[in-house]
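First comes the structure, then the notes that go with it.
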Amino acid sequence: MINVKDPELLSLASGAVDAVLSRVSRQNCSVLLLTDGTTSSTTVLRVGHSDLVAPWGVGVFEVAVDGQDANVTQAQLSWVVDKARRLRQVSWCVTMVVVSDDPAFLAAFAEWSLKGRLLVWSTRLLAVTRLSLPELHHLHKLLSMTNSMLLIVENNSRPIRCSIIIKLPFLQHDTQLMQVASWTQQQDLKFGGHLPLFPEKFSK
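Here the sequence shown is numbered in the numbering used here, starting from 3 and rising by one per residue.
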């Protein structure tokens, strides 16, 4: 259970997010950031401030979910996904970063991103959350079918530790979720095997 008084998720994870983006960004890449309204503008400004992270800049979307009717949230997410897809279509390289501890918000984003054809293979998705893996089962289809990773902030870990996880296609069980790297401020990114960030899933 996430305590609303806990530090902002993106504030905790900003170092890990920047570390991932700086590893995968190319000269013509931009970042699209989507939050659920729990992230302050000050924290948002910390992400992508380096040219290594987002050489072509950062676009920010917010769909506030606190106290909002679920139908309104669905409508707003549909609008955001459409606008993000349009930006993706006119961009050379896009990484989408979605930040939320709300399982319903993440499930709705997963649904609309698939419906709205937001994520082609060249588009990377990084979903940032403090939710546990069992709470993220609704993302398995999205993670399996797209060029996506989870960045999970381990909420009870001090110093902050983040796990970076992928799901390989055609495998159904939770055990097939694979951790490709971890991050701490002291060690930066540490890889746990042969797979890189955002690995090619469909090569023969």
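Even for Gly, the Cβ is constructed at its ideal location relative to N, Cα and C.
With distances taken between CA atoms, Ser24 lies nearest to Leu191 out of Thr148, Thr41, Leu191 and Leu12.
Phe107 sits in a helix when the DSSP states are folded into three classes. When the alpha-carbon of Gly194 is set against those of Glu202, Met180 and Ser43, the nearest one is in Met180. Secondary structure note for Gly194: it is in no beta strand (DSSP E), with a DSSP letter that is neither H nor E. By the criterion of a C-beta distance shorter than 6 Å, Ser93 is surrounded in its chain by Ser32, once the five residues flanking it on both sides are discounted.
Take His140, set aside five residues on each side of it, and the residues of its chain with a beta-carbon closer than 8 Å to its own are Pro105, Leu108, Ala109 and Ala112, in chain order. For Ser13, the enclosing alpha helix (DSSP H) starts and ends at Leu11 to Val26. The beta carbon of Leu36 is closer than 6 Å to those of Phe63 and Val100 in its chain, skipping five residues each way along the sequence. In this structure, Val67 keeps its C-beta atom at 8 Å or more from the C-beta atom of Leu199. In this structure, DSSP gives Ser102 a state outside helix and strand, which the three-state scheme calls coil.
In the structure shown, the three-state DSSP call for Thr125 is coil. If you draw a straight line from the Cα of Ala18 to the Cα of Asn73, it is about 33 Å long.
If you look at Val182, you'll find it isn't in any alpha helix (DSSP H); it sits in the beta strand (DSSP E) that goes Leu179 to Thr186. Here the C-alpha atom of Leu144 lies approximately 30 Å from the C-alpha atom of Arg160. Per DSSP, the continuous beta strand (DSSP E) segment holding Val33 begins and ends at Cys31 to Thr37. In this structure, the beta-carbon distance from Leu120 to Arg87 falls below 8 Å. The DSSP-derived three-state label of Lys117 is helix.
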